[in-house]
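Peer 1: Before I ask anything, let me first share the structure, which is written out below as structure tokens.
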Amino acid sequence: MATAAPDPGAAQPDAVPVSPSPGANLMAVTFRIRRFDPEAAAEAFWQDFRVEIDPKERVLDALHSIKGEQDGSLTFRRSCAHGICGSDAMRINGRNRLACKALVKDLSPQRPVVVEPLKGLTVLKDLVVDMEPFFQAYRDMLPFLVTSGNEPTRERLQSPAQRARFDDTTKCILCAACTSSCPVFWNDGQYFGPAAIVGAHRFIFDSRDEAGERRLEILNDNHGVWRCRTIFNCTDACPRGIQVTKAIQEVKQALVTRRL
Numbered sequence: 020m021a022t023a024a025p026d027p028g029a030a031q032p033d034a035v036p037v038s039p040s041p042g043a044n045l046m047a048v049t050f051r052i053r054r055f056d057p058e059a060a061a062e063a064f065w066q067d068f069r070v071e072i073d074p075k076e077r078v079l080d081a082l083h084s085i086k087g088e089q090d091g092s093l094t095f096r097r098s099c100a101h102g103i104c105g106s107d108a109m110r111i112n113g114r115n116r117l118a119c120k121a122l123v124k125d126l127s128p129q130r131p132v133v134v135e136p137l138k139g140l141t142v143l144k145d146l147v148v149d150m151e152p153f154f155q156a157y158r159d160m161l162p163f164l165v166t167s168g169n170e171p172t173r174e175r176l177q178s179p180a181q182r183a184r185f186d187d188t189t190k191c192i193l194c195a196a197c198t199s200s201c202p203v204f205w206n207d208g209q210y211f212g213p214a215a216i217v218g219a220h221r222f223i224f225d226s227r228d229e230a231g232e233r234r235l236e237i238l239n240d241n242h243g244v245w246r247c248r249t250i251f252n253c254t255d256a257c258p259r260g261i262q263v264t265k266a267i268q269e270v271k272q273a274l275v276t277r278r279l
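Numbering (my numbering), first residue to last: 20 to 279.
Put into structure tokens, the structure is as follows:
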């Protein structure tokens with residue numbers, strides 16, 4: 020029996036939207052991770068993990084997937100997962116980044132995404148490094164407001180210009196991405212490193228602080244600010260966009276002129 024063709028002029032039923040099938044946006048990505056377990060072996064090794072992931076997701080999401088679904092022994096640090104705490108800094112495709120800010124799609128995921136611990140710091144396990152030397156250098160800079168006299172009865176006022184003088188270096192989240200990208204730090208474990216100098220800068224140029232000269236003397240040491248070779252790795256690595264090299268140069272200038 021012949022079927023009549025539909026009338027093109029007749030009202031058509033509303034189209035039913037078709038939802039994309041689950042996994043439609045996923046792609047298979049290989050993550051090549053440098054593993055190290057001192058309780059199992061003396062040497063580190065590389066291990067590949069294949070992950071089905073939306074390329075708009077982050078490396079941190081992939082690490083969670085690997086740990087939760089493939090190998091629960093994978094060890095890495097993370098906390099806020101929003102680029103504020105700085106705890107998940109690591110080398111990704113040869114550059115220091117925060118795993119929570121590195122999107123898979125920006126890492127040429129057609130090739131293996133290489134993940135390894137920060138350089139210049141002792142690896143404790145997998146992607147976790149010993150941060151104590153890094154934090155000790157920061158503590159050595161007196162990273163707090165130093166004043167004398169009686170406690171004030173009102174807040175210590177600053178002009179907008181005085182506040183702007185050190186605004187950039189207040190953004191540091193102590194992730195160690197800058198310090199562990201520095202070739203001088205790799206070769207001289209005594210060098211204070213960019214992050215510690217940034218921490219000093221933040222208070223040296225604070226008009227309310229009275230310990231600027233003390234910090235400058237600390238940085239005038241053989242392992243202080245003069246060890247910087249102005250390579251700009253630190254500035255490139257900073258996930259907060261701090262002009263680290265500029266801050267180091269301003270500290271050098273203050274040491275020469277003794278003008279804060």
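The beta carbon of each residue, even a glycine, is placed where N, CA and C say it ideally should be.
Keep in mind that this is a model prediction, so the values were computed, not measured.
For arginine 130, does the three-state DSSP call read helix, strand or coil?
Peer 2: Arginine 130 falls in the coil class under three-state DSSP.
Peer 1: Just to confirm, are aspartate 67 and threonine 94 a CB contact at a threshold of 7 Å?
Peer 2: No. Outside cutoff.
Peer 1: Pick helix, strand or coil for leucine 82, following the three-state DSSP scheme.
Peer 2: Three-state DSSP puts leucine 82 in a helix.
Peer 1: CA-CA distance, aspartate 186 and arginine 54?
Peer 2: Each residue's alpha carbon lies about 38 Å from the other.
Peer 1: Determine the direct distance from the alpha carbon of methionine 109 to that of aspartate 180, and round the result to whole angstroms.
Peer 2: Per the sequence presented here, residue 180 reads as alanine, with aspartate not at that position. Computed Cα separation, rounded: 35 Å.
Peer 1: For glutamate 71, count the other beta carbons within 10 Å of its own beta carbon; 16 or more makes it buried, fewer makes it exposed. Which is it?
Peer 2: Classification for glutamate 71: exposed.
Peer 1: Report the option in Ala47, Val134, Gly139 whose CA atom is closest to the CA atom of aspartate 207.
Peer 2: Looking at the Cα atoms, Gly139 is the closest of the given residues.
Peer 1: Give me the Cβ distance between lysine 190 and arginine 259, rounded to the nearest whole Å; I'm assuming they're in contact under 8 Å.
Peer 2: Confirmed, about 4 Å.
Peer 1: DSSP has asparagine 115 in a bridge; who is on the other side?
Peer 2: Per DSSP, Arg110.
Peer 1: Check whether the segment 115–133 touches the segment 207–220, taking contact to mean three or more Cβ pairs, one atom from each stretch, closer than 8 Å.
Peer 2: The segment 115–133 vs the segment 207–220: no contact.
Peer 1: Alpha carbons only, please: which of Ala230, Asp228, Asn252 is nearest the one belonging to alanine 195?
Peer 2: Of the listed residues, the one whose Cα sits closest to alanine 195 is Asn252.
Peer 1: Flag this pair as yes or no: are the beta carbons of valine 148 and leucine 137 separated by less than 7 Å?
Peer 2: Yes, Cβ-Cβ distance for valine 148 and leucine 137 is below 7 Å.
Peer 1: When the distance is taken between beta carbons, is glutamate 229 closer than 7 Å to threonine 166?
Peer 2: Yes; because the gap between Cβ atoms is below 7 Å, this pair is in contact.
Peer 1: What did DSSP end up calling leucine 238 once you bin it into helix, strand or coil?
Peer 2: Correct three-state label for leucine 238: helix.
Peer 1: Please state if the CB of valine 270 and the CB of valine 244 are separated by a distance shorter than 7 Å.
Peer 2: Yes, Cβ-Cβ distance for valine 244 and valine 270 is below 7 Å.
Peer 1: Looking only at its own chain, which residues have a Cβ that is under 8 Å from the Cβ of proline 164, when we skip the five neighbours before and after it?
Peer 2: Note that residue 164 corresponds to leucine in the displayed sequence, not to proline. Same-chain partners within the cutoff: Phe222, Asp225, Arg227, Asp228.
Peer 1: Quick check: what's the CA-CA separation for alanine 61 versus proline 152?
Peer 2: Using only the alpha carbons, I get a separation of about 22 Å.
Peer 1: Looking at valine 217: is its Cβ nearer than 7 Å to the Cβ of alanine 273?
Peer 2: No, Cβ-Cβ distance for valine 217 and alanine 273 is not below 7 Å.
Peer 1: Looking at the secondary structure, which residues open and close the alpha helix (DSSP H) in which phenylalanine 153 lies?
Peer 2: Phenylalanine 153 -> alpha helix (DSSP H) spans 151–159.
Peer 1: Should phenylalanine 204 go down as buried or exposed, given a rule of 16 or more other Cβ atoms within 10 Å for buried?
Peer 2: By the 10 Å Cβ count, phenylalanine 204 comes out buried.
Peer 1: Roughly how many angstroms lie between the CA atoms of proline 202 and aspartate 255, to the nearest whole one?
Peer 2: The straight-line gap from Cα to Cα measures roughly 13 Å.
Peer 1: Check whether the Cβ atoms of proline 128 and proline 57 lie closer than 7 Å to each other.
Peer 2: In this structure, proline 57 does not lie closer than 7 Å to proline 128 by Cβ.
Peer 1: Answer with buried or exposed for phenylalanine 141, where buried requires no fewer than 16 other C-beta atoms within 10 angstroms of its C-beta.
Peer 2: Before going further, note that residue 141 is threonine rather than phenylalanine in the sequence given. Exposed: under 16 other Cβ atoms inside 10 Å.
Peer 1: Looking only at C-alpha atoms, which of Ser106, Leu79, Ala100 sits nearest to isoleucine 52?
Peer 2: Nearest C-alpha to isoleucine 52: Leu79.
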